[in-house]
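To keep things clear, I will list the structure first and then write my remarks on it.
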Amino acid sequence: MTNDDLVQIHLIEQLKFRYLRHLDLKQWDDLADCFTPEATATYGAIPKIDGRDAIIEFLSSSLSSTNMLTSHKAHHPEINLLSNNQANGLWSLEDEVLVLDAAIEIRGCAIYQDEYVLSDTGWLIAHTGYRRIYEDTRPRPIEAHITAKWWDAPMP
Amino acid sequence: MTNDDLVQIHLIEQLKFRYLRHLDLKQWDDLADCFTPEATATYGAIPKIDGRDAIIEFLSSSLSSTNMLTSHKAHHPEINLLSNNQANGLWSLEDEVLVLDAAIEIRGCAIYQDEYVLSDTGWLIAHTGYRRIYEDTRPRPIEAHITAKWWDAPMP
Amino acid sequence: MTNDDLVQIHLIEQLKFRYLRHLDLKQWDDLADCFTPEATATYGAIPKIDGRDAIIEFLSSSLSSTNMLTSHKAHHPEINLLSNNQANGLWSLEDEVLVLDAAIEIRGCAIYQDEYVLSDTGWLIAHTGYRRIYEDTRPRPIEAHITAKWWDAPMP
């Protein structure tokens, strides 16, 4: 482990943080820029998705509604540099999905297994996927209400 | 991105972690030491607060009761060094506020936008603010109960 | 704070992340490898546990059932290097324990106070302990159900 390794690990973590920010903010074009064109994804029990365009199509068609609120937080990065331009990493995900139209709440945690490659424009996600540790689904209590939402409020 | 940049980013993150620890532990004097005297804050829909003293007055008057339990966790730091003594940063906040007297629970996530300056005593917060991604408010279930509290227990 | 300090802090964080991953995945042998033989633990109100074997015995006997689902996330590391081979650190814990057999949910946050030593095989935990900020216990809603579990599903 050298100081230079730390810089590369930092840059890979920045990529992941950007990915997660754009995901929860439903910024699909910016999200696409986090992936290689050939990237693949395996999100839990969902069949493997091939290619950046298919990943973005899947995510945007699933999550574009602002009545579908998501919080994805990635913890505990364990990044391994495999070469000058390849790395992989484990993360511990905790996520919440509020499906307001169906009055359902899904909370869970998972282990992410990612692969990264260094391109001309910086590190990109070549593969992302997670396996659930557990996922808990329940109806939203009838008295729960959303008291603030990104898409309703101006920037302070 | 140099090794020295990593050190400065690390020190800014340490400042934020100290701020969050003192906030949830209601240690207002230590919290004050995280800010410049002229610091400003924009917490969600709350009007802009001007000055360190006003920020601490706002937080301590809102949150001093130990029947008001808070957990603020800041994820996914994206810190940018703007010069030798200025930086800004995005964080992904997840917080929970248990208002025991009113039997209400507030959970939410937000994007923090902070500004930092390097002083003689280290990095300080010059501005902090967040915009909610979403906030969910609900009554506490009647059967929920607090089974441990910092202010009731001796250090193990 | 030097670049070399950052490398050591990084390695200590990697140890903690491994510990937390093995804990939630109930991988007791791997978890044991995170501790010195003489390690001690003080988990909240539980009496002090002496020795790696006793810690693993306590954790595995408490948490081995896959009807006992746990998520331990450690935030906001504040690691102090005390010498070439000694360090301590604060972390902000957020955890959830779903006790499915008893239909109880426990959520809480705490401040971890750890001690680390550098051994021939890398950094190890010499002491770990936390003090609760708060802990909230409630019955699981009758309509809540587990919709995925690590131990039921093949790796994607």
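Protein chains in written order, with the working numbering: chain V, 2 to 157; chain U, 2 to 157; chain R, 2 to 157.
In this text, a Cβ means the ideal position worked out from N, Cα and C, and glycines have one as well.
What you are looking at is a predicted structure, and each value in this text was computed from that prediction instead of being measured.
Residues that residue i contacts on chain R, provided the C-beta gap is smaller than 8 Å
i: V:Asn4; result: Asn4, Asp5, Leu7 and Val8
Cross-strand partners of residue i (DSSP beta bridge)
i: U:Gly130; result: U:Thr43
i: U:His74; result: Checking the sequence, you will find Lys at residue 74 of chain U rather than His. Partner(s): U:Glu95.
i: V:Thr138; result: V:Ile107 and R:His146
i: U:Glu116; result: U:Asn89 and U:His128
i: R:Leu82; result: R:Ala88
Any non-hydrogen atom of the ligand ATP closer than 7 Å to residue i Cβ
i: R:Pro48; result: You won't find the ligand ATP in this model; it holds no ligand whatsoever.
Where residue i falls: helix, strand or coil (DSSP)
i: V:Met156; result: The predicted model places V:Met156 with a pLDDT of 48, which falls under 50 and marks its position as unreliable, so this point remains unresolved.
i: U:Ala33; result: helix
i: R:Ser65; result: coil
i: V:Asp51; result: strand
i: V:Leu101; result: coil
i: R:Trp151; result: helix
i: R:Thr122; result: coil
Host alpha helix (DSSP H) of residue i (start-end)
i: U:Asn4; result: Asn4 to Asp25
Contacts of residue i in chain U (Cβ-Cβ under 8 Å)
i: V:Gln15; result: Glu79
Proximal chain R residues relative to residue i, where beta-carbon distance stays under 9 Å
i: U:Leu21; result: His76, His77 and Ser93
Neighbouring residues, chain V, relative to residue i (Cβ below 8 Å)
i: R:Leu24; result: Correct list: empty, because the minimum Cβ distance to chain V is about 11 Å.
Partner residues on chain V for residue i, Cβ-Cβ distance less than 7 Å
i: R:Ala55; result: By Cβ distance, chain V contributes nothing, its closest Cβ being about 25 Å from R:Ala55, past 7 Å.
Query raised in the report: Taking Cβ-Cβ distances below 8 Å as the criterion, which residues of the stretch 59-83 of chain R are in contact with chain V?
Result: Under the 8 Å Cβ criterion, the stretch 59-83 of chain R contributes Leu70, Ser72, Lys74, Ala75 and His76.
Requested in this report: Please name the residues in the stretch 80-110 of chain R whose beta-carbon is closer than 8 Å to at least one beta-carbon of chain U, in chain order.
Outcome: Along the stretch 80-110 of chain R, the positions whose C-beta sits under 8 Å from a C-beta of chain U are Leu91, Ser93, Glu95, Ile107, Gly109 and Cys110, read in chain order.
Requested in this report: Closer than 7 Å, Cβ to Cβ, to anything on chain R: give me those residues from the stretch 30-49 of chain V, in chain order.
Outcome: The residues in question are Thr43, Gly45 and Ala46.
**Report entry** Contact set between the stretch 108-131 of chain U and chain V, restricted to residues whose Cβ is under 9 Å from the partner
**Finding:** Only those residues of the stretch 108-131 of chain U whose C-beta falls short of 9 Å from the nearest C-beta of chain V are listed: Arg108, Gly109, Cys110, Ala111, Ile112, Gln114, Gly130 and Tyr131.
Query raised in the report: If you measure beta-carbon to beta-carbon, which residues of the stretch 134-145 of chain V are closer than 9 Å to chain R?
Result: Listed by position along the chain: Ile134, Tyr135, Glu136, Asp137, Thr138, Arg139, Pro140 and Pro142.
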